[in-house]
Amino acid sequence: MKSSIHDKLMPGEELSQQLYEIRSHLHQNPELSFQEYQTCSYIMSWLEKWGIPHRRFGETGVVVDLIGEEGEGRHIGVRADIDALPIEEKTKLSFASKQPGVMHACGHDGHTTILLGTVYQLFQMKGKWKGRVRCIFQPGEEADGAAQQMIEEGVLENPRVDGMLALHLWPHLPFGSIGVRNGAITASCDDFRIEIEGKGGHSARPQHAVDAIAISSQILQALSLLVTKGTNPVDPVVVHVGKIQGGTASNIVADRVVMEGTTRTVSRETRKKLRQQFISLVKGIVEAYGATVNITYNEGFPPVINDPVLTDCVKQCAAELLGESAVYVLPEPSMGADDFGAFAEQVPSTYFRLGIQQADQPVYDLHHPQFQFDQDIIPIGVKVCTHTVLTWLEKGEKETC
128 MKSSIHDKLM PGEELSQQLY EIRSHLHQNP ELSFQEYQTC SYIMSWLEKW
178 GIPHRRFGET GVVVDLIGEE GEGRHIGVRA DIDALPIEEK TKLSFASKQP
228 GVMHACGHDG HTTILLGTVY QLFQMKGKWK GRVRCIFQPG EEADGAAQQM
278 IEEGVLENPR VDGMLALHLW PHLPFGSIGV RNGAITASCD DFRIEIEGKG
328 GHSARPQHAV DAIAISSQIL QALSLLVTKG TNPVDPVVVH VGKIQGGTAS
378 NIVADRVVME GTTRTVSRET RKKLRQQFIS LVKGIVEAYG ATVNITYNEG
428 FPPVINDPVL TDCVKQCAAE LLGESAVYVL PEPSMGADDF GAFAEQVPST
478 YFRLGIQQAD QPVYDLHHPQ FQFDQDIIPI GVKVCTHTVL TWLEKGEKET
528 C
């Protein structure tokens, strides 16, 4: 990396203060998935203030295309999610959410701010690099299909993006550290709904009825066996039933039960196989007891499978900027999900963790009403993202960074 560029990677005091202002505003004004109209307008207002060309994508997305002035080259995309969660905030921050029941409890306000800072830095240095960078401010990550919808609408085209980069704040790594992993880093997440139709009757004469509750208990046991005996124990699988509704009185045989839950895998092949096993198993049990069933199995987020070349680029750049001791190779994937996996299915991609854990403060996990992070992580995120983008572009078609 050219020293003249490297020296400018850390945001200066003026930009850092602007980024802190942006983060505070976003945190105070969270919006739910696909309702991010004010968030979208606010992002564009800063881009306009900085004189950076941009375009609205869909109703609430924003895309910035940056073109280096040193010539043609590769094309990398960087994504930040911008939506919030339906959670009542309990942080007591001075800039806590003003929206009742809505909170940035997953760090998306930080992700958005970091990408804005990265856009600013790259734009200021565009005369010293070649290639293209597409910065995607994505709505609806907390809802199914947002990334996939943007892909279907052409966000990776004209011209085609060659690789994708994203980060996520992570409360399980030390502040200012980076977590990387080759291969799967997050799981898929698919939703299911099982509607069992039995035959109602009196509890004193069960032979004349078909008990939907009893059948649901058999399904619960069978699904646990599916995980422990039907899948490879070194290939993680989760099948979770989180909701069961059925029955009206203690002496009535329930004629209908609805079960809802999720399945998670870290392998695209296992994900496909699990769906087939799940549907076959449930149908077999229900039919064996003389009932009928309607199964809805919706594919949600695919697993995020990291590309080794881009991942190594993040690892190398983070070590150069923060020191090798600040870079952690994550030993296992998270069974949480992120729809960035849809991008990773299309082009080589990497998704890394940015640690926010501080030893002298309690650790609150993502989606917790007291989740928060120190704003000083923002310049670090900007520095790592900017350096990674420039390094990847500079290496051209080489296999490694």
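Each residue of the sequence shown is one higher than the one before, starting from 128 at the first, in this note's numbering. In this text, a Cβ means the ideal position worked out from N, Cα and C, and glycines have one as well.
Chain-order list of residues whose beta-carbon lies under 6 Å from that of V190 (same chain, five-residue window excluded)
R182, F184 and I263
- Going by DSSP, name the residue or residues bridged to S476. Answer is M291.
- Query: Applying the criterion that 16 or more other CB atoms from any shown protein chain within 10 Å of the CB defines a buried residue, is P298 buried or exposed?
  - Reply: Buried is the call here.
Exercise. If you compare alpha carbons, which of V409, Q403, V380 and V393 is closest to M386?
Worked result: Residue V409 is the option with its Cα nearest to M386.
| said: What does DSSP give as the partner residue(s) for W297 in the beta ladder? | reply: G482
Check: Is the region 472–484 touching the region 438–450 in the sense that three or more CB pairs, one from each, lie closer than 8 Å?
Finding: yes
When you compare only the Cα positions, how much space is there between H295 and I346? 36 Å
Starting from D317, trace the beta strand (DSSP E) both ways and give me its first and last residue.
C316 to E324
(message) Would you call the region 313–329 in contact with the region 420–428, where contact means no fewer than 3 C-beta pairs closer than 8 Å?
(response) yes
For H154, three-class secondary structure by DSSP: If DSSP states are grouped into helix, strand and coil, H154 belongs with the helices.
Fill in: V361, buried or exposed, once every other Cβ within 10 Å from all chains shown has been counted against 16
exposed
Proximal residues to F165 (C-beta, below 8 Å), its chain only, five neighbours per side dropped
According to the sequence provided, residue 165 is Gln. The question's Phe does not apply to it. The residues are N156 and E158.
Query raised in the report: Is P138 helix, strand or coil by DSSP?
Result: coil
| message | Just verifying my parser: in three-state terms, what is the DSSP assignment at M128? | response | Note on M128: pLDDT 43, under 50, position unreliable in the model; the coordinate value appears next. Coil.
- Which term fits T245, buried or exposed, when burial requires 16 or more other beta carbons within 10 angstroms of its beta carbon? With 16 or more other Cβ atoms from the protein chains shown falling within 10 Å of its own Cβ, T245 counts as buried.
Note to self: Rounding to the nearest angstrom, what Cα-Cα distance links K176 and Q372 in this structure?
What the structure shows: Rounded to the nearest whole angstrom, the CA to CA distance from K176 to Q372 is 53 Å.
Task: Helix, strand or coil at I209 according to DSSP, with G and I counted as helix - done: coil
Beta-carbon separation (whole angstroms), H154 vs S224, contact threshold 8 Å: 7 Å
*Close Cβ partners of S130 (< 8 Å) along its chain, the five nearest in sequence each way excluded*: In this prediction, S130 has a pLDDT of 43, which is less than 50 and means its spatial position is unreliable; what the coordinates show is noted afterwards. Taking S130 as the centre and dropping the five residues before and after it, the same chain places no C-beta closer than 8 Å to its C-beta.
Rounding to the nearest angstrom, what Cα-Cα distance links M137 and I241 in this structure? In a straight line, the C-alpha of M137 is about 12 Å away from that of I241.
To which residues does DSSP link Y577 through a beta bridge?
What is shown of the chain runs 128 to 528, which leaves residue 577 out entirely.
How should G195 be labelled, buried or exposed, when 16 other C-beta atoms within 10 angstroms of its C-beta is the threshold for buried? buried
With a threshold of 7 Å on Cβ separation, who are the neighbours of S343 within its own chain once the five nearest residues in sequence on each side are excluded? I323, I371, G373, V384 and M386
*What did DSSP end up calling D192 once you bin it into helix, strand or coil?*
strand
Report task. With DSSP collapsed to three states, give me the class of F161. Result -> coil
- Query: Just the Cα atoms here: how many angstroms apart are G237 and P506?
  - Reply: 10 Å
What residue range is occupied by the uninterrupted beta strand (DSSP E) comprising V420?
T419 to F428
inquiry  = Checking 8 Å against the spacing of the C-beta atoms, do S160 and G267 come in under that value?
reply    = yes
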